[in-house]
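Written out below as structure tokens is the structure these notes cover.
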Amino acid sequence: MIDSTIIDDLKSEINKVDNKQDFQNLKASYLGKKGKVKDLMKEISKIEPEKRKAYGQEVNKIKNQIEHIFEEKMEEIKKIEKEKKEKKNWIDVTLPGAITNRGKEHLIEKTARELIEIFTNHGFKQVEGPEVEKTWFNFDALNTPEWHPAREMQDTFYIDSDVGTLLRTHTSPVQVRTMLKEKPPLAIISPGRVFRKDEMDATHLFAFNQLEALYIDKKVSVANLKYYLESFTREFFGSKVDILLRPSYFPFTEPSFEVDLTCIACGGKGCNVCGNTGWIEVLGAGLVNPNVIKNVGLDPDEWQGFALGAGIERFAMLKYNINDIREFVKNDIRFID
Numbered sequence: 005m006i007d008s009t010i011i012d013d014l015k016s017e018i019n020k021v022d023n024k025q026d027f028q029n030l031k032a033s034y035l036g037k038k039g040k041v042k043d044l045m046k047e048i049s050k051i052e053p054e055k056r057k058a059y060g061q062e063v064n065k066i067k068n069q070i071e072h073i074f075e076e077k078m079e080e081i082k083k084i085e086k087e088k089k090e091k092k093n094w095i096d097v098t099l100p101g102a103i104t105n106r107g108k109e110h111l112i113e114k115t116a117r118e119l120i121e122i123f124t125n126h127g128f129k130q131v132e133g134p135e136v137e138k139t140w141f142n143f144d145a146l147n148t149p150e151w152h153p154a155r156e157m158q159d160t161f162y163i164d165s166d167v168g169t170l171l172r173t174h175t176s177p178v179q180v181r182t183m184l185k186e187k188p189p190l191a192i193i194s195p196g197r198v199f200r201k202d203e204m205d206a207t208h209l210f211a212f213n214q215l216e217a218l219y220i221d222k223k224v225s226v227a228n229l230k231y232y233l234e235s236f237t238r239e240f241f242g243s244k245v246d247i248l249l250r251p252s253y254f255p256f257t258e259p260s261f262e263v264d265l266t267c268i269a270c271g272g273k274g275c276n277v278c279g280n281t282g283w284i285e286v287l288g289a290g291l292v293n294p295n296v297i298k299n300v301g302l303d304p305d306e307w308q309g310f311a312l313g314a315g316i317e318r319f320a321m322l323k324y325n326i327n328d329i330r331e332f333v334k335n336d337i338r339f340i341d
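Position 33, counted from 1, in the sequence shown is what the numbering used here calls 37; the numbers after and before it change by one each time, with no gaps.
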């Protein structure tokens with residue numbers, strides 16, 4: 005009564021299907037509202053009444069066969085897709101692992117950490133303060149008069165000159181704030197970022213990092229300063245370096261010194277780096293000016309101290325033989341590595 009080729013046709017067509025989209029399209033052509041099974045059911049009205057029951061049973065039998073064929077095919081497709089996915093995600097554990105760039109500590113961070121560690125091992129406490137500062141803390145309290153060149157607009161980033169706010173030019177204001185809050189004796193370091201209106205070149209940045217140290221106690225002398233200068237420079241650069249103190253001027257120290265170090269490049273023999281002098285200027289230092297002691301409410305006859313300030317980039321350049329300070333801020337991964 006029913007053309008038996010419908011099952012054979014389905015088996016032939018379904019063998020060509022290998023994905024879910026084609027599967028759904030083929031299934032709809034057989035079992036959908038406009039599919040071949042639906043067409044067979046419509047033929048019942050044309051069948052003689054006494055034969056309709058047998059015809060209906062045969063149609064249901066064919067429908068069940070077709071559904072079974074599609075169920076088996078769906079399981080096959082799922083298995084194929086699972087194998088494809090597993091093959092795609094398969095990892096050969098015998099192969100060497102992929103090399104990943106884990107990153108390294110930036111030389112500025114490394115240098116700052118090393119310097120901080122040296123001073124804290126000597127009993128100094130690390131303190132921090134704001135980068136946006138008042139002129140009183142940045143200049144006045146540090147005995148820097150209004151006529152001093154450092155206070156001019158071309159040298160300092162003023163935020164609001166009327167109310168006296170600026171980007172700090174050194175970390176010395178942190179020392180002033182600490183001396184106002186804490187009673188002596190004091191031994192502190194204040195690392196941090198500072199800002200100056202310098203044109204960027206091989207030795208200058210307008211934003212750079214500085215570490216300053218302050219020691220306040222009774223009967224502090226240049227001998228104490230010299231001891232700490234020798235100690236921390238030798239711990240950082242190596243035991244073979246010596247220091248040379250050259251008289252200089254800073255408004256917040258008296259006496260003041262430029263501190264030279266045995267040339268790292270030639271070991272003091274003389275070369276192009278040190279201008280054949282055997283020495284390289286590395287930092288400024290001195291005994292705290294009595295006026296600064298007075299400005300924080302202490303008696304300079306009772307309390308004295310020394311201060312020193314070092315550029316962290318400068319120390320990194322010397323230790324790691326870097327000729328251009330701009331390399332630190334270029335974000336070149338080759339330099340960082």
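For each residue, glycine too, the CB sits at the ideal point set by N, CA and C.
- Contact annotation: N147 and N299 have beta-carbon atoms nearer than 9 Å.
- Taking C-alpha positions only, K37 is separated from T98 by approximately 53 Å.
- The DSSP-derived three-state label of T257 is strand.
- The shortest C-alpha to C-alpha distance from H208 to any of N29, I48, E331, K83 is the one to E331.
- L229 and F310 do touch by the CB rule: their CB atoms are close to 4 Å apart, below 8 Å.
- By the criterion of a C-beta distance shorter than 7 Å, R238 is surrounded in its chain by V245, once the five residues flanking it on both sides are discounted.
- Sequence-distant Cβ neighbours of K40 in its own chain, meaning closer than 8 Å and more than five residues away, are I10, S33, Y34.
- P177 sits in a helix when the DSSP states are folded into three classes.
- Here the alpha carbon of E87 sits roughly 45 Å from the alpha carbon of F339.
- CA-to-CA, the gap between K77 and E47 works out to about 28 Å.
- Judged by beta-carbon spacing, F161 lies within the 9 Å limit of F210, meaning their Cβ atoms are closer than that value.
- For D159, the closest alpha carbon among the candidates C275, T173, K50 is that of T173.
- W307 sits buried, since 16 or more C-beta atoms from the chains shown fall within 10 Å of its C-beta.
- For D166, the closest C-alpha among the options L190, T139, S225 is that of T139.
- The alpha-carbon separation between A320 and S252 amounts to approximately 24 Å.
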